[in-house]
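Colleague:
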């Protein structure tokens, strides 16, 4: 080995408190009080254990790797303990670590244009990373949270390490915008799963190594999204208002038309032109007042298969009623439906009568000339 | 008591034949060309059109006879299959026992010396075998007429689709009926063949019980419905008891119903396509009637239809006038020829012999044992901690089951491909299933009637050992196979990346051009 080899720089952000609540039965670790309660109940931070499992996969390539990280428990300790070359970023804040540290670390690492930033945590950590850098940098989660709903995590720490290994050995990877979910932990502790789509992070996708990606081929998946967009755009009617919900699948429709759609917002398309973007319920209702012929295009959000009621609450029950169930177009890749593992699509508009109209099954456009009839509850 | 095989496969690091031998080596020395012929050679050459003549000679291997012999014998040692072990892991393509006596019959010179262009008066025996085999299959399916012409199950599905189109065309509804309905667990060809024929595909998803609801079918049938294609049971092994009702709903809107019976191992003499209300069905002789699979051909998929569709069957058709067997080519409404001549005649002999050896009672027993074997294996497999069955886990199945290793693997770095690799170390393999990837970490087993309870107990026992390794020695699984001739493929992604596929010469040229123009 000579010293001239350019080392691959890997970013590392460990949320020392991630998952601390789960070990003591608290269903999540958000909030100071919960964290204190967890520590009082004897919880031991296990994000360190999970990070170690991931980094161990890089040990055979130790000479080729430099870990860029934050002081102490946020990455420095574990990386040094395993014998990696470590560069520690300067922390300006004092006192206990907080979400602000995660965000600051992400901003700095993103500006360094690292090939990957590994972060250990749960949904909350993913949201912090998203808040800080949006989808501007390649990142990958080491799962350490209690119950993770976001699709930005590897299936387990070793899988995260394997992907980092691929980056070190310069294997070409495909990056996808993957969903960051926001789970209302307060409600979750009360026994109710209430998630919404929070944003997207750029995540390398390696088949079977990243959560929610048990598809035959990521590349194929990408092609299928294009196929669906083509199918939709080929059959768009004139003088018709299309309200296009959030998601990468729906965004492809706009991209195919050469339009720029917001990823999280509900945008309006009419006669192949973008009429308005990121509409709230009020905006949607006012548009519906102007155009008698209208459709809604949605794709199920976030692993749990919600058609309405999570991630697209702007499309309220009033909006859906005005458009009519028969004018709701559902699109999804087969893979997205398969990843529900037989669980039905869900509708929760806050209006039980309207929800009941959707119960049964719905036709989902899955490609050119391809429809899947999928159960809805 | 099962014997531990301590299996280790031969490993020869065998080169491909083009890299073997040397310049000028020959396997057979042909006799010198006679002088008179030599004088005539220029005129023979001149008879081949210039455009068809090779500019450079073909790059054929130059190698001695004994080396060729050893090469292929060594390759055959690096093989795995039904001839060696209980090969029950190929799901719906599981190979049942192919009795060597049937191979003897099929390779008898009295048969192999026949030519399809011989005068029919000289091949009455062969035609009788083909015709009688067709009569058997009509009885087994309840259908009115058949064609042995398709060379594979998928081609039979395509032929069935073509006949359905011809039927709707004749009724003036060909353009209007552009949709085909199928189910997600039906064989992928039930969607792919109609799609290739230009139809829009509507796929029904199962409920918790493993089959789609009546209501979901009702929501999609219309005057645009051309047909409903389905397997039953599908890979889950669950029989849809509402199948007659499904077919009635499709018929009510003017659509036709086609039954994919490629694998009929659980149904012989028990349930027929006819009584379930189907208009067409097909059998794969290699899945149910014991002919070799032949890895993509030459196989036989048999199309079976009701009287109403008989005129559309592929041409030529083997017929009988009560006195003589003959080749009927005067079929104006036929979808036409879908392969050379009449089909793979060697398979007709094998399947005919197999059916004759069993008789009607025997065929029913085949199915009863296949179902019994499957449920026995299921009981054994479910004793393994962490292996589960999706959809109504407690329910008995027909002839096959898609299992899931997910519970066992979800917290590990392993997935089902690693388990399949490790299985090779035990002298077995399984297919971790084709599309759809609905069941996580799937493995589909179909024990057929060919294997004993000892075979099946051993298979389950080997799975148990692997399941134990998942917990105690995952590294051993991750680095497997250790006992097989080839280590493992490092990158499987090209297999599932359509951009890398070269299914034909035309596609090759097109892709090459697009690469160059980039």
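Protein chains in written order, with the numbering used here: chain A, 188 to 564; chain B, 280 to 797. Here a beta-carbon is modelled for each residue, glycine too, at the ideal position from N, C-alpha and C.
Inspect the beta-carbon positions of residue 518 (chain B) and residue 485 (chain B) and report whether they are closer than 9 Å.
Modeller: Working through the second chain from its first residue, we reach residue 518 (chain B) at position 239. Working through the second chain from its first residue, we reach residue 485 (chain B) at position 206. It is not a contact, given that the beta carbons lie outside the stated cut-off.
Colleague: Taking beta-carbon pairs under 9 Å, can you tell me which members of the segment 491 to 507 of chain A lie near chain B?
Modeller: Within the segment 491 to 507 of chain A, no residue qualifies.
Colleague: Using a Cβ-Cβ cutoff of 7 Å, what residues of the segment 520 to 532 of chain B are near chain A? List them in chain order.
Modeller: Hits within the stretch: zero.
Colleague: Checking the sheet assignment: what are the DSSP bridge partners for residue 330 (chain A)?
Modeller: The sequence position of residue 330 (chain A) within the first chain is 143, counting from 1. Paired residue(s): A:308.
Colleague: Using the beta-carbon of each residue, which ones in chain A are nearer than 8 Å to residue 692 (chain B)?
Modeller: To locate residue 692 (chain B), count along the second chain from 1; it is residue 413. Near residue 692 (chain B) (Cβ distances below 8 Å), the residues of chain A are 343, 345, 346, 349.
Colleague: So, helix, strand or coil for residue 735 (chain B), using DSSP?
Modeller: For the purposes of this step, residue 735 (chain B) is taken as residue 456 along the second chain, with counting starting at 1. Here residue 735 (chain B) sits in helix by DSSP.
Colleague: Closer than 8 Å, Cβ to Cβ, to anything on chain B: give me those residues from the segment 507 to 537 of chain A, in chain order.
Modeller: Listed by position, the residues of the segment 507 to 537 of chain A near chain B (Cβ gap below 8 Å) are 521, 522, 524, 525, 528, 529.
Colleague: Kindly give me the distance between the Cβ atoms of residue 493 (chain B) and residue 524 (chain B), rounded to whole angstroms, as I take these residues to be in contact under 8 Å.
Modeller: Here residue 493 (chain B) corresponds to residue number 214 of the second chain, with the count starting at 1. Here residue 524 (chain B) corresponds to residue number 245 of the second chain, with the count starting at 1. Going by Cβ atoms, the distance from residue 493 (chain B) to residue 524 (chain B) rounds to 6 Å, so yes, they are a contact pair.
Colleague: With a threshold of 8 Å, are at least 3 pairs of Cβ atoms found where one atom belongs to the segment 356 to 363 of chain A and the other to the segment 384 to 395 of chain A?
Modeller: With the cut-off at 8 Å, the segment 356 to 363 of chain A and the segment 384 to 395 of chain A touch.
Colleague: For residue 324 (chain B), name the three-state secondary structure that DSSP assigns.
Modeller: Numbered from its first residue, the second chain carries residue 324 (chain B) at position 45. Here residue 324 (chain B) sits in helix by DSSP.
Colleague: Where does residue 787 (chain B) sit, in a helix, a strand or coil, going by DSSP?
Modeller: Residue 787 (chain B) sits at position 508 when you count from the first residue of the second chain. Reduced to three states, the DSSP call for residue 787 (chain B) is helix.
Colleague: I need the DSSP call for residue 670 (chain B), collapsed to helix, strand or coil.
Modeller: In the second chain, the residue the question calls residue 670 (chain B) occupies position 391. The answer is coil: DSSP assigns residue 670 (chain B) none of H, G, I, E or B.
Colleague: In whole angstroms, what separates the C-alpha of residue 287 (chain B) from that of residue 676 (chain B)?
Modeller: Walking along the second chain from the start, residue 287 (chain B) turns up at place 8. Walking along the second chain from the start, residue 676 (chain B) turns up at place 397. Each residue's alpha carbon lies about 34 Å from the other.
Colleague: Please return the same chain residues whose Cβ sits closer than 7 Å to the Cβ of residue 554 (chain A), not counting the five positions on each side in sequence.
Modeller: In the first chain, the residue the question calls residue 554 (chain A) occupies position 367. The answer, listed in chain order, is 411, 414, 415, 418.
Colleague: Determine the burial state of residue 509 (chain B): buried for a count of at least 16 other Cβ atoms within 10 Å of its Cβ, exposed for fewer.
Modeller: Numbered from its first residue, the second chain carries residue 509 (chain B) at position 230. By the 10 Å Cβ count, residue 509 (chain B) comes out buried.
Colleague: DSSP three-state label for residue 745 (chain B), please.
Modeller: In the second chain, residue 745 (chain B) corresponds to position 466, counting from 1. Looking at residue 745 (chain B) - three-state DSSP - the assignment turns out to be helix.
Colleague: Roughly how many angstroms lie between the CA atoms of residue 450 (chain B) and residue 588 (chain B), to the nearest whole one?
Modeller: Looking up residue 450 (chain B) in the second chain gives position 171. Looking up residue 588 (chain B) in the second chain gives position 309. Roughly 12 Å between the two C-alpha positions.
Colleague: I'd like to check one pair, residue 584 (chain B) with residue 440 (chain B): are the Cβ atoms closer than 9 Å?
Modeller: Translated into positions along the second chain, residue 440 (chain B) becomes position 161. Translated into positions along the second chain, residue 584 (chain B) becomes position 305. No, Cβ-Cβ distance for residue 440 (chain B) and residue 584 (chain B) is not below 9 Å.
Colleague: Identify whether residue 721 (chain B) lies in helix, strand or coil by the three-state DSSP scheme.
Modeller: By 1-based counting over the second chain, the position of residue 721 (chain B) is 442. Strand at residue 721 (chain B).
Colleague: For the segment 595 to 673 of chain B, list the beta strand (DSSP E) runs that are entirely contained and at least 3 residues long, ordered along the chain.
Modeller: Whole beta strand (DSSP E) segments, 3+ residues: 596 to 599, 604 to 607.
Colleague: Residues in its own chain within less than 6 Å of residue 330 (chain A) by CB, not counting five upstream and five downstream?
Modeller: Here the question's residue 330 (chain A) lines up with position 143 in the first chain. So the list reads 340, once near-sequence residues are dropped.
Colleague: Return the chain-ordered ranges of every alpha helix (DSSP H) run that is complete within the segment 405 to 431 of chain A and spans a minimum of 4 residues.
Modeller: You should have 405 to 421.
Colleague: Just confirm the distance between the C-beta atoms of residue 273 (chain A) and residue 254 (chain A), as a whole number of angstroms; I'd bet it's less than 8 Å.
Modeller: The sequence position of residue 273 (chain A) within the first chain is 86, counting from 1. The sequence position of residue 254 (chain A) within the first chain is 67, counting from 1. That pair is a contact at about 5 Å.
Colleague: To the nearest angstrom, how far is the alpha carbon of residue 403 (chain A) from that of residue 434 (chain A)?
Modeller: Against the first chain, residue 403 (chain A) aligns to sequence position 216. Against the first chain, residue 434 (chain A) aligns to sequence position 247. Only weak support exists for where residue 403 (chain A) lies, its pLDDT of 39 falling under 50; the value from the coordinates is given anyway. Rounded to the nearest angstrom, the two C-alpha atoms are 21 Å apart.
Colleague: With 16 other CB atoms within 10 Å as the buried threshold, where does residue 313 (chain B) fall?
Modeller: Here residue 313 (chain B) refers to the residue found at position 34 of the second chain. Classification for residue 313 (chain B): exposed.
Colleague: The beta strand (DSSP E) with residue 539 (chain B) in it runs from where to where?
Modeller: Counted from its first residue, the second chain places residue 539 (chain B) at position 260. Looking at the DSSP string, the run of the beta strand (DSSP E) that includes residue 539 (chain B) is 535 to 539.
Colleague: According to the neighbour-count rule (16 or more other Cβ atoms, all chains shown, within 10 Å of its Cβ), is residue 698 (chain B) buried or exposed?
Modeller: Looking up residue 698 (chain B) in the second chain gives position 419. When all chains shown are included, residue 698 (chain B) counts as buried.
Colleague: Taking a contact to mean a Cβ-Cβ separation below 9 Å, would you say residue 509 (chain A) touches residue 456 (chain A) in this structure?
Modeller: Stepping through the first chain from its first residue, residue 509 (chain A) is reached at position 322. Stepping through the first chain from its first residue, residue 456 (chain A) is reached at position 269. No. Outside cutoff.
Colleague: Taking Cβ to Cβ, would you say residue 656 (chain B) is nearer than 9 Å to residue 726 (chain B)?
Modeller: Position 377 of the second chain, counted from the first residue, corresponds to residue 656 (chain B). Position 447 of the second chain, counted from the first residue, corresponds to residue 726 (chain B). Yes. Within cutoff.
Colleague: Would you tell me roughly how many angstroms separate the C-alpha atoms of residue 388 (chain B) and residue 402 (chain B), rounded to the nearest one?
Modeller: The residue given as residue 388 (chain B) occupies position 109 in the second chain. The residue given as residue 402 (chain B) occupies position 123 in the second chain. Near 14 Å, if we compare the C-alpha coordinates of residue 402 (chain B) and residue 388 (chain B).
Colleague: If the cut is a Cβ gap below 8 Å, which residues of chain B does residue 561 (chain A) touch?
Modeller: Taking the first residue of the first chain as position 1, residue 561 (chain A) is located at position 374. Residues of chain B passing the Cβ test: 484.
Colleague: Report the residues of the segment 409 to 431 of chain A with a CB closer than 7 Å to any CB of chain B, ordered along the chain.
Modeller: Answer in chain order: 410.
Colleague: Could one say the Cβ of residue 480 (chain A) lies closer than 9 Å to chain B's Cβ atoms, at least one of them?
Modeller: As a working note, residue 480 (chain A) is residue 293 in the first chain. For residue 480 (chain A), the answer is no, since every Cβ of chain B falls outside 9 Å of its Cβ.
Colleague: Strictly below 8 Å CB to CB, what residues from chain A border residue 479 (chain B)?
Modeller: Along the second chain, one-based indexing puts residue 479 (chain B) at 200. The contacting residues are 556, 557, 558.
Colleague: Using a Cβ-Cβ cut-off of 7 Å (strictly less than) and excluding sequence neighbours within five positions of residue 694 (chain B), which residues of its own chain qualify?
Modeller: Position 415 of the second chain holds residue 694 (chain B). Around residue 694 (chain B): 688, 720.
Colleague: Determine, using beta carbons only, whether residue 453 (chain A) and residue 466 (chain A) come nearer to each other than 9 Å.
Modeller: Indexing the first chain from 1 puts residue 453 (chain A) at position 266. Indexing the first chain from 1 puts residue 466 (chain A) at position 279. Yes; because the gap between Cβ atoms is below 9 Å, this pair is in contact.
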